[in-house]
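Mapping of the sequence shown onto numbering that gives the first Met the number 0: position 789 corresponds to residue 788, and the numbering continues sequentially without gaps. Where is the CB? At the ideal position from N, CA and C, for every residue including glycine.
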Amino acid sequence: MQQDEPLPLDPAVRYGKLKNGFTYYLKNVEDPQNAVRFDLIVKAGRYHEDGDQREYAHLLEHMLAKETKHFSTLRRYFSQDGRRRHAFTNTHSTRYFAIIPKNDEQVLNDGLQVLLDWAQGNAWKPESIAVERGAIEGEMRTTDPYRDWKTRKLEREVLKTMGYNPTDIKASLESIKNFNAEAFYRFYNDWYRPDLQAVIIVGDINVDSLENVIREKFGILKGPPYPPDPKKYLYPQTVHFGGKEHFAVVNDSLEPAVSMEILKVRPNFQQNPKSGVNYRSMLLQQLYMAVLDKRSKFVSQQYDPPFSYFWANYRPGILAGGQVNATQMSVKLKRDLQNMKEKFQRAVKTWKQLHLKITEGELEEAKNEIIDRNEFGQSTTVTQFAKIFKDHFVDGKAAPDPEVETALIKNLLKEISVGDLQSFMEENGDLNESTHFVFFKNKNIKIPDHEVFKQWKKEVDSITIKPLEAPAPTIESLEDAAKISVSLSVENIGVATNTIGASTVELPNGVKLLLKPSKPGAEIYRNRISIQAFRPNPVPLENPQRYLAAQVAPEVMLFSGAGPYSKYDLERFTNKKRLNLHFLMNKDSQIISGDSYVQDLPELLNLFYLHLLHPREDKEAFEAWRDKKKEELQGRNIRGSSSFVVDKIEQVWYPQLPNLDEKALRELTKEKVFTAVKEWFSSIEGYTFIVTGDFDTDRVLPILIRKLSGFPAKNRAHVIKDKEFHFPLVKMQEKLAFKNINAAYVRLFFPVKVEKDIKTKIHLRLLSRALNERIHDRLRDGSYSPISQGEYIDRENGIFAFKIIFDSSLGEEKKMITWAMEEFQNLRDHGVEKEWLENAITQELLSYESKFNNFLDYNNFWQNYLQSKVMSKENLEKEVLQYGTILEHFINFQDFNRAAKNYLSEENLLEFIGLPEHY
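This is the structure we're talking about:
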C-alpha cells in the first residue's frame, strides 16, 4: 500500500449502505463486560442550525434520549439490569447509544427498536420539551463563570482571525428560552434523514441475521422532499490557517493586574487521518505534545515559574469543532513597565527553550509512550470499536484492522528521526507565525500598545538562547532517605481473618490494620493497592489560630516536600511510580489516603514516613502555597463542581469551628504551621489502616507490619475525646454568599433519627433511590443534573439525612424548592407502587453484590464499607452476609411505604441557598 492511499476498512466489520443512503457497521466481538452496544450516528449538529434554531440540535438530542414513540421513559428503561444509554451533540454530529447485556434477547430486540426510534418519526408534548429546555439552561450554567468567560473570550479572539465564528452562548440561551416549535421540527425533519445516519452495533452478535434486520427495518426510512445541502452549512465553519502574530486586549474586571495568554495554532492532524501520510503527521503532532508536556512540567516545577499554566495540547478536540490544535501558555504580568517587560520576555524565552534541541532520549521516550498508549487502548471493547466506526462515518477517519494500524504506527515511528521532530518543534516554536497574544487586564491599568510588545519580542529573537538544562535524574527509591527502623518480628503478630475475608492485625504502637483484597474492576486496577487510614481528630478548638494551623498543615506538608527532596522532586518520583499520597483533617478525623502498585507499596510507606518525620520547612514553598490559597479564598481558583458550597454549610452547622478567611490566612506563619505538623501529624498512634485492592494478603501484610511498626507513636489518650460535635436537629433557612458564581446553589437536608438495623438501612437506600428519580424528573425543568441522595450525617447518634441538590437560574430557586418539596411530600404521603419496589429491590441486589469482587479506585466499596463499620463500632460481617437475604425476602410493600411516612420528615428541614456576593 502506498503511504498516500487511504487505509482499507477493517475487514472484520460488516459495512454497508442501503438504497436510501442509510449506513451500517456490524462487528462481532467478545466484550469483557458481556455487552452489546447499539449506536445511532447523525451527521448533523450545531453547524447545521439556522439562525432561528440555535441550540436545537442539543435540545433534540435531549428529547430523543428522554423519550421516543415506543419508549416513554428511556432513562428508567435503561437503568435496569446492566443497561445504559447516553447521547452527545457536537458541532457536526450527534450520537446516541445503548449498552445492553447480550444474554437478554428481548432487550436486544428493544435495542434495535430504540435505534429505529432515534432515527425518525417522533413528536413530543410541549410540556415535555419545556422540561428539557430547562435542563439545557442548567447545563449551560457553570460553577466557575469567570474562568468560563475567560476561556470563551480567548477562543473568540483567536478563532475570529481564522474565519470561524464560535457559538454565541447568549444567543443560544435566548433561543432555548424563546422556543420556536416550527424551527425545532424543521431542524429535525431536515437533518434526521437516512443519508446522514448510520447504525453501529458491536458485540457478540450474528452479523448475517442482523444485517437482514437492518436492511428490512431501516431501508424504509425516507428523507425530506427538499433536503438541504450539508456542505453549505459546513463550509462557512471551516477554519483558515496562516498569518503572522496577532495581538488583542480584553478588559477584565476581576483580573487584579494583567495576564497574557499565548496560543500557537495549527491544523489538528488527529481529527481524520486517512492514509499513511496523514498518520505520520498525526504521530509527529503526538510526539511534539509528549515531549513538550514533559518539558513544560519540568519547567513549571519551581515556586516562581515563568508561566501560570502551560498546555501542550490546549482543549483537545474542542477548538473549532476539533479542526484546530493549539499550544497555550498563560502568564501573569506585573503592573509596572519594567517588571512587565521582564515577565513577558522571560515567557517568550521559555517558549523558545521548550522547542529547542530534541534529544534521542526524549524522542525514544515519546515513541514508547505512544506505542504503550496505542497497545493499551487496542480496540477490545464494544465502546472502543463504536468510537472508531463513528469517526469513520462522521469525519472519514481511517478505521483499519487494529493489528494493521498498530503495525503502521510502529513502522512510522521507527522512520521518524530527531531531525523530523526538531523541524516540527521549530515550526511551532516560531512565535512570529500563527500565534496569538491576548492580554486580559483590569480596566484601570494601562499597558503598552502592540508595537512595544513586538519590540520586546524582537529583543528576545535577537539573542542566543540556550536549550533547557537536562532535568535532574528522577529519584530511584526513598528507602535510604526514609531509613525506617524495623525491629518487630512478623511471626509474633496475630492475624484474625473473618468470614468475608477481611484480616485484622493490631500492632504494638497502637495501629490497627484491616485488609480486604478483591478482584480488579478494570484492567487499570490490576495489582493496585489502596490505603485509607483514619483516627479521631485530636486538635482542640480553644485556640482558633492553633486549630487553623493544624487544618492547613496537611496541604502545606505536601506542598513543601519532605526529607532532602522538594515537592517537585517527589512529584517526579510519584508520577513515575504512579504513587498517590494525601493528608486531610476534618472536624472529626485525620485521614491519610494513598495508592500504588503492589510492588511499590514499600515506597508509598517510605513517602508517608518522610512527610511525617522529616517535613521540609521551605519558606519559598510556604509563600507559594499561601498565594495559591488566597486565590482559592477569593474564588479565583479552578472549580470543577459545586462542592465548594459544603464548607460554608458546615460552618453554619458547627459555628464553633474556626473559619479560614483571608485575614486568618495572613496571620498564619510558616512557624505556626510546622509547629502544628510536628504536634499533630508526626506519629501514627490511634490510626486504623484499611487496605483494599488487587493483592495477596500473605505478601502485603509482612510489608505493612515491618514498615508501620517503625513509625513513631505517642500517648494521646488524654486529647482524643476532648470535643464533640452535635448535629443541629433544628429547622434552618440560610443564604450563603459566594464569590465568582452567577447561579443559585441549593442544598435541602431532611435529617431524621433512625435505627441502625439492616432492614432500616435498606429502607433508607430504597427511599433515596425513589426520591432521586422523582427529583431528577421534576427539577430537570431548570437544572441539568438535580439529584437526591441519602447519607448518615451523624452515624454515632443515628442521624440520617435525605438531601436534595440542584442549581438554578437566579430568581428561580424558590420555585424549584417548592417543586422539590412537593415531590418529597408526595413520596412520603403516597409511597411507591408495588411494581416499582419489586424492580428497585432487584436493581439494589445486583448493584450491592456486584461490588464485592470489583475493586475500583474511584468507587471503593470495601474501603467505604469497612471504614463506616469501624467508625460506628459495628460488626464487620453482619451487613454483608445478611443484606441480600433481607432485601430479597423481608422487604414488603406495606412496610416500605410505612417507612416512607416515618423517615421522610420535614421536622428539621435545613435549607441552604448559595447566591452571588452582593446579590
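Legend entry - Proximal residues to F694 (C-beta, below 7 Å), its chain only, five neighbours per side dropped: Within the sequence shown, residue 694 is the residue found at index 695, counting from 1. Closer than 7 Å at the Cβ level, and outside the excluded window around F694, lie P516, I528, V597.
Inset, instruction - Keeping to the same chain, check which residues put their C-beta closer than 6 Å to that of K442; ignore five residues upstream and five downstream. - result: Looking up residue 442 in the sequence shown gives position 443. Result list for K442: N250, in chain order.
Inset, instruction - Evaluate the contact criterion for the region 427-442 versus the region 147-165: three or more CB pairs, one atom per stretch, below 8 Å. - result: yes
Legend entry - Among F70, A736, P5, the one whose alpha carbon lies nearest that of K396: As a first step, residue 396 must be located in the sequence shown, where it is residue number 397. K396 has its Cα closest to that of P5, out of F70, A736, P5.
Inset, instruction - Determine the direct distance from the alpha carbon of L540 to that of S580, and round the result to whole angstroms. - result: Walking along the sequence shown from the start, residue 580 turns up at place 581. Walking along the sequence shown from the start, residue 540 turns up at place 541. Sequence inspection shows Leu at residue 580; the Ser mentioned does not correspond to that position. Each residue's Cα considered, the two are about 27 Å apart.
Inset, instruction - Pull up the DSSP beta-bridge partners for D594, would you. - result: On the sequence shown, position 595 is the one that residue 594 refers to. S529, N579, per the DSSP bridge assignment.
Legend entry - Nearest to Y225 (by Cα), restricted to the options N188, I464, L703: Start at 1 with the first residue of the sequence shown, and residue 225 comes out as number 226. The shortest Cα separation from Y225 among N188, I464, L703 belongs to N188.
Inset, instruction - For N324, count neighbouring C-beta atoms within 10 Å of its own C-beta (all shown protein chains included) and say buried if the count is 16 or more, exposed if not. - result: Here residue 324 refers to the residue found at position 325 when the sequence shown is read from its first residue. Result: buried.
Inset, instruction - Tell me, please, which residues DSSP counts as bridged to I689. - result: Residue 689 sits at position 690 when you count from the first residue of the sequence shown. DSSP output for I689 lists L513, Q531 as bridge partner(s).
Legend entry - Cβ-based neighbour list, P711, same chain, cut-off 6 Å, excluding 5 preceding and 5 following: The residue given as residue 711 occupies position 712 in the sequence shown. Only S682 meet the Cβ criterion.
Inset, instruction - Provide the residue(s) that pair with H85 in DSSP beta bridges, ordered along the chain. - result: In the sequence shown, the residue the question calls residue 85 occupies position 86. Note: H85 sits in a beta bridge opposite F96.
Inset, instruction - With a 10 Å radius around its C-beta and 16 neighbouring C-beta atoms as the bar for buried, classify N891 as buried or exposed. - result: Locating residue 891 in the sequence shown gives position 892, where the first residue counts as 1. When all chains shown are included, N891 counts as exposed.
Inset, instruction - Taking the CB atoms as reference points, tell me whether Y313 and Q322 lie closer together than 7 Å. - result: Working through the sequence shown from its first residue, we reach residue 313 at position 314. Working through the sequence shown from its first residue, we reach residue 322 at position 323. Taking 7 Å as the Cβ cut-off, Y313 and Q322 do not qualify as a contacting pair.
Legend entry - Q655 burial status per 10 Å Cβ neighbour count (16 or more: buried): For the purposes of this step, residue 655 is identified with residue 656 of the sequence shown, where counting begins at 1. The residue is exposed, with fewer than 16 neighbouring Cβ atoms inside 10 Å.
Inset, instruction - In the DSSP assignment, find the unbroken beta strand (DSSP E) run with R265 in it and report its ends. - result: The residue labelled residue 265 in the question sits at position 266 within the sequence shown. Element bounds for R265: 257-266.
Legend entry - Three-state secondary structure assigned by DSSP to T72: Numbered from 1 along the sequence shown, position 73 holds the residue referred to as residue 72. Three-state result, T72: coil.
Inset, instruction - Taking the CB atoms as reference points, tell me whether G137 and S782 lie closer together than 7 Å. - result: Looking up residue 137 in the sequence shown gives position 138. Looking up residue 782 in the sequence shown gives position 783. In this structure, the beta-carbon distance from G137 to S782 falls below 7 Å.
Inset, instruction - Using the Cα positions of N164 and L58, report the straight-line distance between them to the nearest angstrom. - result: For the purposes of this step, residue 164 is identified with residue 165 of the sequence shown, where counting begins at 1. For the purposes of this step, residue 58 is identified with residue 59 of the sequence shown, where counting begins at 1. Their backbone Cα atoms lie some 21 Å apart in a straight line.
Inset, instruction - Would you kindly work out how many angstroms separate the C-alpha atoms of F558 and L506, rounded to a whole number? - result: Taking the sequence shown and counting its residues from 1, one reaches residue 558 at position 559. Taking the sequence shown and counting its residues from 1, one reaches residue 506 at position 507. When the Cα atoms are used, F558 and L506 turn out to be separated by approximately 30 Å.
Legend entry - Residues bridged to D793 (per DSSP): What you label residue 793 is simply residue 794 of the sequence shown in a count that begins at 1. Answer is I798.
Inset, instruction - Let me know the secondary structure DSSP gives P401 once reduced to three states. - result: Residue mapping note: residue 401 aligns to position 402 of the sequence shown, counting from 1. Assignment of P401 by DSSP, reduced to helix, strand and coil, places it in the helix class.
Inset, instruction - Sort A197, V106, T166 by Cα distance to R151 and report the nearest one. - result: Taking the sequence shown and counting its residues from 1, one reaches residue 151 at position 152. Among A197, V106, T166, the Cα nearest to that of R151 is on T166.
Legend entry - Coarse secondary structure for Y46, derived from DSSP in three states: The residue you call residue 46 lines up with position 47 of the sequence shown. Three-state result, Y46: helix.
Inset, instruction - From the DSSP output, read off the bridge partner residues of L332. - result: The count along the sequence shown starts at 1 and reaches residue 332 at position 333. According to DSSP, L332 bridges with V257.
Legend entry - Close-in-space but distant-in-sequence residues of the same chain around E878 (CB under 7 Å, 5 per side omitted): Here residue 878 is taken as the residue at index 879 of the sequence shown, counted from 1. Around E878: I757.
Legend entry - Contact under 7 Å by Cβ, A43 with I199: Taking the first residue of the sequence shown as 1, we reach residue 43 at position 44. Taking the first residue of the sequence shown as 1, we reach residue 199 at position 200. Contact flag unset, no.
Legend entry - Spatial neighbours of E790 in its chain, beta-carbon cut-off 8 Å, leaving aside the 5 residues before and after: For the purposes of this step, residue 790 is taken as residue 791 along the sequence shown, with counting starting at 1. Here the set comprises F799, A800, K802.
Inset, instruction - With a 10 Å radius around its C-beta and 16 neighbouring C-beta atoms as the bar for buried, classify K263 as buried or exposed. - result: Numbered from 1 along the sequence shown, position 264 holds the residue referred to as residue 263. With 16 or more other Cβ atoms within 10 Å, it is buried.
Legend entry - Residue closest to L233, alpha-carbon to alpha-carbon, out of E490, K340, T90: For the purposes of this step, residue 233 is taken as the residue at position 234 of the sequence shown. The shortest C-alpha separation from L233 is found at T90.
Inset, instruction - Assign S422 to one of three DSSP states: helix, strand, or coil. - result: Start at 1 with the first residue of the sequence shown, and residue 422 comes out as number 423. Looking at S422 - three-state DSSP - the assignment turns out to be helix.
Legend entry - Within 7 Å, strictly: CB atoms of E684 and G509: Here the question's residue 684 lines up with position 685 in the sequence shown. Here the question's residue 509 lines up with position 510 in the sequence shown. Contact: yes.
Inset, instruction - Please work out which residues of its chain come closer than 6 Å, Cβ to Cβ, to K677, disregarding the five sequence neighbours upstream and downstream, and give them in chain order. - result: Taking the sequence shown and counting its residues from 1, the one referred to as residue 677 is at position 678. Here the set comprises nothing.
Inset, instruction - Could you tell me the distance, in whole angstroms, from the CA atom of E260 to the CA atom of L467? - result: In the sequence shown, counting from the first residue as 1, residue 260 sits at position 261. In the sequence shown, counting from the first residue as 1, residue 467 sits at position 468. Between E260 and L467, the C-alpha separation is close to 22 Å.
Legend entry - Contiguous alpha helix (DSSP H) assignments of at least 4 residues, all confined to the region 421-476: 449-460
Legend entry - Opening and closing residue of the beta strand (DSSP E) in which W123 lies: If you number the sequence shown from 1, residue 123 lands on position 124. Element bounds for W123: n/a, residue is neither H nor E.
Legend entry - I761, enclosing beta strand (DSSP E) - first and last residue: Along the sequence shown, read from residue 1 onward, the residue named residue 761 stands at position 762. Taken as a continuous stretch (DSSP letters only), I761 belongs to no beta strand (DSSP E), being part of the alpha helix (DSSP H) at 757-778.
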